[in-house]
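Data first, discussion second: the structure below is written as structure tokens.
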Amino acid sequence: CIGIGENGHLAFNDPPADFTTDAKVLVVNLDEACRRQQVGEGHFPDLAAVPPQALSMSIPAILAARTISCVVPDARKAEAVRCALAGPITPDCPASALRGHADCWVYLDEGSAGLLAQI
3 CIGIGENGHL AFNDPPADFT TDAKVLVVNL DEACRRQQVG EGHFPDLAAV
53 PPQALSMSIP AILAARTISC VVPDARKAEA VRCALAGPIT PDCPASALRG
103 HADCWVYLDE GSAGLLAQI
């Protein structure tokens, strides 16, 4: 199970994400929006405590899975969900890559689905 971040990241692949790497796992630089999300979700006490880098599965490695489950709660992620599901497929919204997968299930709540015209 993976998630979509407030900035449209998928796993820890922040925009702009590499959609073509051969690597399965990457050391990624976390942008400030992602780091602030980690604080906001209570994973770290403040921005200074959030590491500047993380390990993440790459976008191609995620898309190689037979089935993908993605859980996206909260209204604060509504714009990212809209970009991922209704915008262009682009490295600027890494989660948009999910639309190229044949068996991807995205679970939303009312808040995260709030900017979608239809579900």
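Quick note: the sequence shown uses the working numbering, first residue 3, plus one each step. All C-beta atoms in this analysis are idealised placements derived from N, C-alpha and C, irrespective of residue type, glycine included.
query: What is the rounded straight-line gap between the Cα of A115 and the Cα of V108?; result: 10 Å
query: Please specify which runs of the beta strand (DSSP E), each continuous and at least 3 residues long, are wholly inside the region 40-91, giving them in chain order.; result: 55-59 and 70-74
query: Would you please state the rounded distance, in angstroms, between the beta carbons of A63 and G10? I believe it to be under 8 Å.; result: Not confirmed; about 18 Å, so no contact.
query: For the beta strand (DSSP E) that contains C95, what are its first and last residues?; result: Unbroken run through C95: none, as it is neither H nor E.
query: On the premise that D16 lies in contact with C3, defined as a C-beta separation below 8 Å, what is that separation, rounded to the nearest angstrom?; result: Not a contact, Cβ separation roughly 19 Å.
query: If you draw a straight line from the C-alpha of E112 to the C-alpha of E81, how long is it?; result: 13 Å
query: Here's the rule I'm using: 16 or more other beta-carbon atoms within 10 Å means buried, otherwise exposed. How should L32 be labelled?; result: buried
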